[in-house]
Amino acid sequence: MASGAKTRTKTRVAILISGRGSNMVSLIAAAEAADYPAAIALVLANRPEAPGLVLAKAAGIPARAIDHKTFPDRETFDAALDAELRAAGIELVCLAGFMRIFSSGFVAAWAGRMINIHPSLLPLFKGTHTHAQALAAGVRLHGCTVHYVVPELDAGPIVAQAAVPVRPGDDPASLAARVLVQENRLYPAALALVAGGGARLEGERVVFTSDAAQADGALRSL
Ligand code: GRF
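Given below as structure tokens:
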């Protein structure tokens, strides 16, 4: 190779969405950088009407819907998803607003190779309506978390988090908007850590390589 430049194989990533796709867009944009360690190879949606599908196609990413409503049960839908991911040679799955619970078999098949973004500082405020939950609890800090997916909902080992202030007068919509800005910054940084080998699973914890110290600094300053 000319000038002895180092080449590194990029991790082939699929993004799973159900809706708007702002986190998907942020991952696609980050992955356009030559030195980003992941390539977005596929976008799948469980809802044909998901607006994010249009955005993915516009960005030149193979994207299609696998409509969960056309499958008799969770297992057969998950099997179709799994087949599609394997056919595309996917190594890592990013859930980005994917509003569907998986069968235990699918989670086991992708254990250690599937991450999710959740709009709260886990382990606080699992499930839905996280911004309303934060306001009801009266916390002064709220935020988002990227974590590995495990069978228990919103409970996997944490890769990265970003916090935002809760301001007087906030309602769920204003708080969601403030968190989303951080989500769209955090997810690309977290995927870079995972795909680049800076973060890896060791039992039930994520451990960071010493090289990731720099990346950790970047995350802190988000
Ligand atoms: C985000 O808030 C994400 O954390 C949650 O669902 C929302 C998806 O937003 N899981 P988008 O589709 O990425 O814009």
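Using our numbering, you'd call the opening residue of the sequence shown number 1032 and step up by one each time.
A virtual CB, placed ideally from N, CA and C, is assigned to each residue, including glycine.
Here the structure is a predicted model, which means the values were calculated and not measured.
What does the alpha-carbon distance come out to for the pair E1115 and I1189? 27 angstroms
Can you tell me whether G1187 is buried or exposed, with buried defined as 16 or more other CB within 10 angstroms of its CB? buried
CB-CB under 7 angstroms to R1236, same chain, minus the five flanking residues each way: which ones, in chain order? P1188
Residues in the same chain with beta-carbon distance under 6 angstroms from A1191, minus the five sequence neighbours each way, listed in chain order, please. V1177, L1217, A1221, L1250
Confirm, please, whether the CB-CB distance from V1074 to I1092 is below 7 angstroms. yes
Where E1214 and D1202 are concerned, what is the direct C-alpha to C-alpha distance, given to the nearest angstrom? 18 angstroms
Per-residue DSSP class, three states only, for Y1179: strand
Tell me whether S1135, by its Cβ, gets closer than 6 angstroms to a heavy atom of the ligand GRF. no
Assumed close pair L1047, V1138 - CB separation to whole angstroms, cut-off 8 angstroms: 13 angstroms between Cβ atoms; not a contact.
The region 1125-1144 contacting the region 1098-1114, beta-carbon criterion three pairs below 8 angstroms: yes
Just the Cα atoms here: how many angstroms apart are A1065 and A1223? 12 angstroms
Any heavy atom of the ligand GRF closer than 6 angstroms to the Cβ of N1077? no
Taking 6 angstroms as the cut-off, does the CB of R1216 come closer than this to any heavy atom belonging to the ligand GRF? no
Give me the Cα-Cα distance between L1166 and I1148, rounded to the nearest whole angstrom. 20 angstroms
When the Cα atoms are used, what is the spatial distance from M1130 to S1049? 6 angstroms
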